[in-house]
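Heads up, the sequence shown stops at 698 in the numbering used here, and the numbers go up one at a time, no gaps. From the three backbone atoms N, C-alpha and C, an ideal C-beta is built for every residue, glycine too.
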Amino acid sequence: MARCLVIVESPAKVKTIKKFLGSNYVVMASNGHVRDLPKSQMGVDVQQDYEPKYITIRGKGEILSNLRKEVKKADKIYLATDPDREGEAISWHLSKALKLEGKKVYRISFNEITKNAVRESLKHAREIDMDLVDAQQARRVLDRVVGYRISPLLWAKVKRGLSAGRVQSVALRLIADREEEINSFIPEEYWTLDAKLKVKGEKKPLTAKLYGTEKEKITVSSQEEMDGILKRLEGQKFSVDSIKRGERTKKPPVPFTTSTLQQEASKALNFATSKTMRIAQQLYEGVDIKGNGTIGLITYLRTDSTRVSKEAEAAVRAYVGATYGEQYAVSGAGEKEKEKKSVQDAHEAIRPTDVSRTPAMMKDSLSRDQFRLYQLIWKRFVASRMQPAVYETISVKIAGGEYRFQVSASKVTFEGFRLVYTEAGEEKEEKNTLVGNLTEGSVLTEDGFDAKQHFTQPAPHYTEAALVKALEELGIGRPSTYAPTISTILGRRYVAKENKNLYLTEMGEVVNTIMKQSFPTIVDVNFTANMESLLDGVAEGKVKWKTIIENFYPDLDKAVQKAEEEQEQVKIEDEKTDVICELCGRNMVIKYGPHGRFLACPGFPECKNTKPYLEKIGVLCPVCGKEVVLRKTRKGRKYFGCENNPECEFMSWQKPSEKACPRCGSYMVEKGNKLLCSDNKCGYVETMENHKNI
């Protein structure tokens, strides 16, 4: 019997796959990549056709040695790395590192680690797809030349240890642009009016919202306008003007892709993207299930496809019909999801490998986080193959003089997919029983008004989930790059994460400014998205990978040379201060560290004295009268506080002004070219043209 060697990426898969194959199969792991570009140099020959110079990764010698021993004994070698471009590249690197030329070498891939999927892959063994390998090589070389040409510039201009990247720099720019948008946002005042109306025979009053007049919808922008409306409503009779009844349906969600799983796990489970991917990897590779051994519970986790195999489709339809009733199951294959052009049809959505393995059955074999993520994936998949939810809706318009008020309600008449799954943050919809008792012409008794002042809000700060969604919608990066990209900008301290929100740090601001000034193309969203399309073209065999590098590198090289000359003036030198070192008497200087600026003695290494740097902004604290200074949270987010902290607890996320609000006396804050009252209830705004920009 022929001896076969199967090489997978992860040691966790070895045990799972081994039990599916016969005794003549040896299963071993490469532990991911075995070759890569060297860390000590760019590793790309820009003079000789941009040829990459691959070397064996340090620490992989013993693994390769053991694999070579098994290669000699094997009659057939199956390369079973992950079913994506990176997996294809790892198989190619293995074939080179193990010198498999001339041997019977086959590439197999499976979307799930199950007995049927693994055995079926052996029947469809193929050659390594060099188009997929080249697409991965192009991405790797692009990222390497960008990182290794621009990062040294950042070291020279700012500090060592910084980095730039093709995708990470665009992600940083998105966060910086959002921060700028928030900081320059000027709130606009608006008012709402609720009328409390008594319905005959009901104890509880009905609350209806002001909609507009008989002719049009209106917006109330000031208290004066609201006072006028309230005056005209005095003594008016209220009656039901019209009642509209209807029905609406809500379609079930499509199964998870990498992006949507990361977003929903963030919202529903409060998982960081990196945590979601780590736990999903464990579920994919295999978990020890009591009484069944190691089993892969979900399909491959890096995908942008929502496609589902025919077998899984049939299984979930049967499960829904048997468990919840035939009225809940979709009759066909479910609505066809729209696929993006870049989706490889070999991929499926993220789903359970066996829908009959319910979360309740798996609970005792999984950790708490594994169970919660598996339950989320399982429920979403089952719900995606169920009938839509159906709602009965009612909308009532109530006349009060010239004005019209509105009250709406809905109730679920058929749960459909909601029997199994509702998205995080989805509001529960219930029918207002008072609305159902009304008929056209019904007379209502006014029981008071509730007028409220509001201010428009800026776009929210990005969360990890929102950033992933933005990157996906803009066509930047691939499913496998979202989590590492976010981890990098957090790890470099370009961005701080507080209460789920991502904030630009001082270091991130400096790096983003340099990138925008010197490398506008690289941080251009459209350019980066177009580059992804070109990489897809390589994967489809339509574009030669080195052509992309040939067209890209010369412009990058010119931009770096130009920046080396023109950015000289932004080099951050040690800035002298009037703070005296209490150990040696020298004037302390401002230096940059991983967390931003700090004061250090220029006598280092003889004198190692350091202390926090508090930058005064020339404004006195509105609470105690001492100086307001620029501070930073532990994670690097900037704010303004009193130098007398902790005795004085004054703080503001916006820069305070020396001018007091002429309307209420509160301190003002700067937003773009405007000064705003810090008291939201006041809402006073004026331009800064006639005031000193502090």
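- Note that the C-beta distance between A175 and L538 is not below 9 Å.
- V499 sits close to L506, with the two beta carbons spaced by under 9 Å.
- Spatial neighbours of L494 in its own chain (CB-CB distance under 7 Å, excluding positions within 5 residues in sequence) are listed in chain order as K501.
- Contact check between the region 647-655 and the region 620-638: three or more CB pairs, one atom from each, fall below 8 Å, which counts as touching.
- For the beta strand (DSSP E) assignment, the uninterrupted runs of no fewer than 3 residues enclosed by the region 282-321 are, from N- to C-terminal side, 291-293, 297-299.
- Two segments are said to touch when three or more pairs of C-beta atoms, one from each, lie closer than 8 Å; by this definition the region 394-403 does not touch the region 262-275.
- For the 9 Å CB-CB criterion, N35 and K77 do not form a contact.
- In summary, A567 is buried, with 16 or more beta-carbon neighbours lying within 10 Å of its beta-carbon over all protein chains present.
- Each of A318, T525, K595 was checked against the Cα of I154, and the nearest Cα belongs to T525.
- The Cβ atoms of K17 and G290 lie closer than 9 Å to each other.
- Three or more pairs of CB atoms, one per stretch, sit closer than 8 Å, so the region 276-295 contacts the region 9-16.
- According to DSSP, residue pairing for D40 in a beta bridge involves I59.
- Distance between A6 and K294, taken at the CA atoms: about 33 Å.
- Around D683, the same chain offers C665, C668, S670 as residues with beta carbons nearer than 8 Å, after the five sequence neighbours per side are excluded.
- Contact check between the region 75-95 and the region 43-60: fewer than three CB pairs, one atom from each, fall below 8 Å, which does not count as touching.
- In this chain, the beta strand (DSSP E) harbouring L634 covers 631-636.
- Residue range 193-202 is occupied by the beta strand (DSSP E) that includes E193.
- R39 places its beta carbon less than 9 Å from that of K100.
- Under a 10 Å Cβ-count criterion, C605 is classified as buried, with 16 or more other Cβ atoms of the shown protein chains found around its own Cβ.
- Following the DSSP letters along the chain, one finds M134 inside the alpha helix (DSSP H) bounded by residues 134-161.
- DSSP lists K678 as the bridge partner or partners of K675.
- If you draw a straight line from the Cα of E427 to the Cα of D292, it comes to about 29 Å.
- Burial is judged here by how many other beta carbons sit within 10 angstroms of a residue's own beta carbon; T532 has at least 16 and is buried.
- With respect to the 9 Å criterion, V150 and A168 are classified as neighbours on the basis of their beta carbons.
- Taking 9 Å as the cut-off, the Cβ atoms of E116 and I302 count as close.
- Excluding five sequence positions before and after D133, the CB atoms of its chain that fall closer than 8 Å to its own CB belong to E92, R111, given in chain order.
- By the Cβ-count criterion, R236 is exposed, with fewer than 16 other Cβ atoms from all chains shown falling within 10 Å of its own Cβ.
- Sequence-distant partners of N441 (beyond 5 residues in either direction) whose C-beta falls short of 8 Å from its own C-beta, in its chain, are V203, G205, E206.
- With the rule of 3 Cβ pairs closer than 8 Å, the region 246-262 counts as touching the region 374-391.
- Between the alpha carbons of L158 and Q172 lies a gap of roughly 14 Å.
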